[in-house]
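Step one of this worksheet: look at the structure below.
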């Protein structure tokens, strides 16, 4: 009943309409997203058209293609794949994307960042892993530039996250 | 009471010895640099300098160069590729992967390069390929700083270089995979980077040759 059915082809001129055991309103096949959720435990994906205002917390993989205005706090094993803008950004987990801060970026000893950083001050603790570029020339004013830059390794560029005073990725 | 107390302490030491491995050795030494002041001067005189660091990210270095030079810093730890090749037991493809990583990292051109001791761990073809790539990426009057060992030996640690001041570096040895360190001759070193001339070459107290190159 829930199997994806072959889509009904447009009417083929040569062949007569097949006898239809299906009623006038056939059951639509399940949507691909529904299928993927059922078949495997996919990472949380915030789509491009989604805007979240408030706090977002969790401890699993997260892909943000929409916008989050507020605070993002993820558990130590979580991974952020997004671009981050905030006044101050503290990273204790894994961030794949560009980070831009008006004041400061702080990557803690367990932090892993692959992307470009732009902030007047950047502090990277011993033990942290980082790969990318660090721009302290113009800091937060480069927020727009960072958003358009490519993260390393190259990936689809998600919509920037605008956050409140502090974004914490643990 | 005393024997009981002693027995307790002895048991704890024994349990500790069998349960946990010995802590990794981390050795730190200070080294005076002759080339670093010239390297900094060359960077400071350039507009919007871009510095390529081929070692692991060191927060202190980021702060040091960022505060003094307000430069853009590109971090590409090529030692990771070298370690991976050592674990594989083959340097096949190493030259290509190093060049690709550097090429991808550099948006246009760079003002300066910090090689640290990376070239000590490269086979000759990889060293030549990477040297040519870096030389090509440097802007005119750009500078390249490198450290070269003088003894050929297998090492079970890597060295992390931490800039303490304009003329002092802290060298921190950290456990790592066993990798052979080559000893390049002075003549070989000067030919690694086509188009670059040696501006400074000095033997440090720790028997490492510190060299500074400039692109004409």
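Chains as they are written, first to last, in our numbering: chain A, 12 to 181; chain B, 45 to 260.
Glycine included, each C-beta is placed from N, C-alpha and C at the ideal position.
Exercise. Going along the region 125-141 of chain B in order, which residues come within less than 9 Å of chain A, judged by CB to CB distance?
Worked result: none
Exercise. If you compare alpha carbons, which of B:184, B:169, B:215, B:112 is closest to residue 161 (chain B)?
Worked result: B:215
Problem set entry | Proximity below 8 Å, CB of residue 80 (chain B) to CB of residue 113 (chain B) | no
For this session: Could you tell me which chain A residues have their CB closer than 8 Å to the CB of residue 146 (chain B), listed as they occur along the chain?
Result: Neighbours of residue 146 (chain B) on chain A: none; closest Cβ ~12 Å, over 8 Å.
Problem set entry | Assigned secondary structure, residue 91 (chain B) (DSSP; H/G/I helix, E/B strand, else coil) | coil
Exercise. How about residue 127 (chain B) and residue 220 (chain B): do their beta carbons lie closer than 8 Å?
Worked result: yes
Problem set entry | Interface flag, residue 121 (chain B) vs chain A, CB-CB below 8 Å | yes
Exercise. Are residue 205 (chain B) and residue 99 (chain B) close, meaning C-beta to C-beta below 8 Å?
Worked result: yes
Exercise. For the region 82-93 of chain B, which residues have a CB atom closer than 8 Å to at least one CB atom of chain A, in sequence order?
Worked result: 92
Exercise. CA-CA distance, residue 95 (chain A) and residue 129 (chain A)?
Worked result: 10 Å
Exercise. Is there a Cβ from chain B that is less than 8 Å from the Cβ of residue 144 (chain A)?
Worked result: yes
Problem set entry | residue 133 (chain B) classed as buried or exposed, judged by whether at least 16 other C-beta atoms fall within 10 angstroms | exposed
For this session: Could you work out which residues of chain B lie near residue 94 (chain A), taking near to mean beta carbons separated by less than 9 Å?
Result: Those do not exist, as residue 94 (chain A) stays about 17 Å from chain B at its closest Cβ, beyond 9 Å.
Exercise. What in chain A is Cβ-close to residue 106 (chain B), meaning under 7 Å?
Worked result: 133, 135, 145
For this session: Jot down the residue ranges of each uninterrupted alpha helix (DSSP H) in the region 136-223 of chain B, minimum 4 residues, whole runs only, in chain order.
Result: 138-149, 168-181
Problem set entry | CB contact check: residue 112 (chain A) to chain B, cutoff 8 Å | no
Exercise. What is the rounded straight-line gap between the Cα of residue 127 (chain A) and the Cα of residue 143 (chain B)?
Worked result: 20 Å
Exercise. Run through DSSP, which three-state label would residue 233 (chain B) get?
Worked result: helix
Exercise. Between the C-alpha atoms of residue 73 (chain B) and residue 159 (chain B), what's the straight-line distance to the nearest angstrom?
Worked result: 19 Å
Problem set entry | Euclidean distance between Cα positions of residue 146 (chain B) and residue 223 (chain B) | 22 Å
Problem set entry | Beta carbon of residue 213 (chain B) nearer than 8 Å to that of residue 107 (chain B) | no
Problem set entry | 8 Å Cβ cutoff, residue 65 (chain B) in contact with chain A | Legend: pLDDT at residue 65 (chain B) = 45, less than 50; position of this residue unreliable, no value from coordinates given.
Exercise. So, are the CB atoms of residue 117 (chain B) and residue 97 (chain B) less than 8 Å apart?
Worked result: yes
Exercise. How would you list, in chain order, the residues of chain B whose beta-carbon sits under 9 Å from the beta-carbon of residue 139 (chain A)?
Worked result: 101, 103
Problem set entry | Cutoff 7 Å; reference residue 90 (chain B); Cβ partners in own chain excluding five residues on either side | 155
For this session: Report the residue from A:148, A:142, A:147 whose alpha carbon sits nearest the alpha carbon of residue 123 (chain B).
Result: A:142
For this session: Please go through the same chain and pick out, in chain order, the residues whose beta-carbon is closer than 6 Å to the beta-carbon of residue 94 (chain B), but skip the five residues on each side of it.
Result: 116, 154, 155
Exercise. Along chain A, in chain order, which residues have C-beta atoms closer than 9 Å to that of residue 116 (chain B)?
Worked result: 144, 145, 146, 147, 148
Problem set entry | Residues near residue 246 (chain B) in its chain [Cβ-Cβ closer than 6 Å; skip 5 each side] | 78, 254
Exercise. Any C-beta of chain A sitting closer than 8 Å to the C-beta of residue 220 (chain B)?
Worked result: no
Exercise. Residue 186 (chain B) CB to nearest chain A CB: under 8 Å?
Worked result: no
Exercise. Just checking my contact of residue 259 (chain B) with residue 184 (chain B) at CB under 8 Å: how many whole Å lie between their CB atoms?
Worked result: 6 Å
Problem set entry | Cutoff 6 Å; reference residue 53 (chain B); Cβ partners in own chain excluding five residues on either side | Bear in mind that a pLDDT of 42 at residue 53 (chain B), under 50, signals an unreliable position, so the number given afterwards is only what the model happens to contain. Around residue 53 (chain B): no qualifying Cβ.
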